[in-house]
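Notes for the one structure printed next.
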Amino acid sequence: MSNVINERKDRENAMFNNRVIDLLDAKDILIQNIIKEKIDISLEYFINNTFSDNLYEKYAFYLHALIMFKEPVDVHTFLKKHYNGFGKYATEMFVNYPIISHMNKNVITPLMCAMLWSDNPQMVRVLYYWGADTSLQDINGKYPEEKYGTYYINHLNSFLARNYFVIGLRCVRNFIPIIEELRFISGEKPPPLTWEHPGRAYSNLTNSVTQQSSTYNASTHA
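The sequence shown begins at 82 in the numbering used here and counts up by one.
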């Protein structure tokens, strides 16, 4: 198995790693491979996969797939269902559960996944709304908003697009909107006057959320 991984890494180093790739192009590479392999990105697919016997982990991988390839409303719907089934504390733990990326020997929380694979500020707002902790760091001490200057690494390789581990360097400009949004939420940077805090699903701020260009309206999808 290690020889296969090393061969793939060598091949991808030669083909992809020396060029900067737009986020949409990087996603398209994975999506086309997923289509070619006739994989349906569904919860059932992850549950039935034999890569892991841990059901909780399979749910976590599915959440990451939603973040990478679906819309914020899909992530919200999934986490709302989790909350209705398991409650506040279980959902807060789940939305901060780190997946181990064996490719680069690091950990990736759902929020880190969003910062690595999404350019939509709404994705950050949804995760924060359901309890994502903006202060969590990876093993190198990097916060989620500091991870953009790295390679595209398919940490879901065991489930999706198995032929691709690494897909070039991230195009920094793709991630400016989502980085800015996280900095507004975490208080690192003063937001625009029209900006509204997403609040938490479990707080009184829920009803203050409005649907704007940089706002996630939880009540619309309640």
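All C-beta atoms, glycine included, are put in the ideal place defined by N, C-alpha and C.
From M149 to M204, what distance separates their C-alpha atoms? 10 Å
Beta-carbon proximity check, L241 vs L111, cutoff 9 Å: yes
What's the call for H183, buried or exposed, on a 16-neighbour Cβ count within 10 Å? exposed
Would you kindly work out how many angstroms separate the C-alpha atoms of H236 and A141, rounded to a whole number? 12 Å
Which partner residues of V101 appear in the DSSP bridge assignment? L250
Residues in the same chain with beta-carbon distance under 6 Å from V101, minus the five sequence neighbours each way, listed in chain order, please. L250, C252
Segment limits, beta strand (DSSP E) that includes Y137: Careful: Y137 lies outside any beta strand (DSSP E), inside the alpha helix (DSSP H) at 136-150.
Y178 and R281 - do their beta-carbons sit closer together than 9 Å? no
Could you check what DSSP says for S267 in three-state terms: helix, strand or coil? helix
Among P271, I257, A213, which has the Cα closest to the Cα of H157? A213
Let's test the definition: count the other Cβ atoms within 10 Å of the Cβ of E261 and tell me whether it reaches 16, buried, or not, exposed. buried
Opening and closing residue of the alpha helix (DSSP H) in which Y209 lies: 202-210
Is it the case that the stretch 257-277 contacts the stretch 218-227, given that we only count it when at least three CB pairs across the two stretches are under 8 Å? yes
Please list the terminal residues of the continuous alpha helix (DSSP H) segment that includes Y170. 169-175
What's the gap between the Cα of N221 and the Cα of T190? 14 Å
Just grab the DSSP bridge partners of S133 for me. The partner list for S133 (beta bridge, DSSP) is empty, contrary to what the question assumes.
For a test of your reading of the model: does the CB of P179 fall under 8 Å from any non-hydrogen atom of the ligand PLP? Yes or no. The ligand PLP is not part of the structure shown, which contains no ligands of any sort.
When the Cα of E277 is compared with those of K270, Y283, I266, which residue comes out closest? I266
For P202, which residues of its own chain have a beta-carbon under 7 Å away from its beta-carbon, when the five flanking residues on both sides are left out? P258, I259, E262, S295
Mapping the DSSP letters down to three states, classify I120 as helix, strand or coil. coil
What separation, rounded to the nearest whole angstrom, lies between the Cα atoms of C194 and N165? 24 Å
In whole angstroms, give me the CA-to-CA distance for L147 and S199. 11 Å
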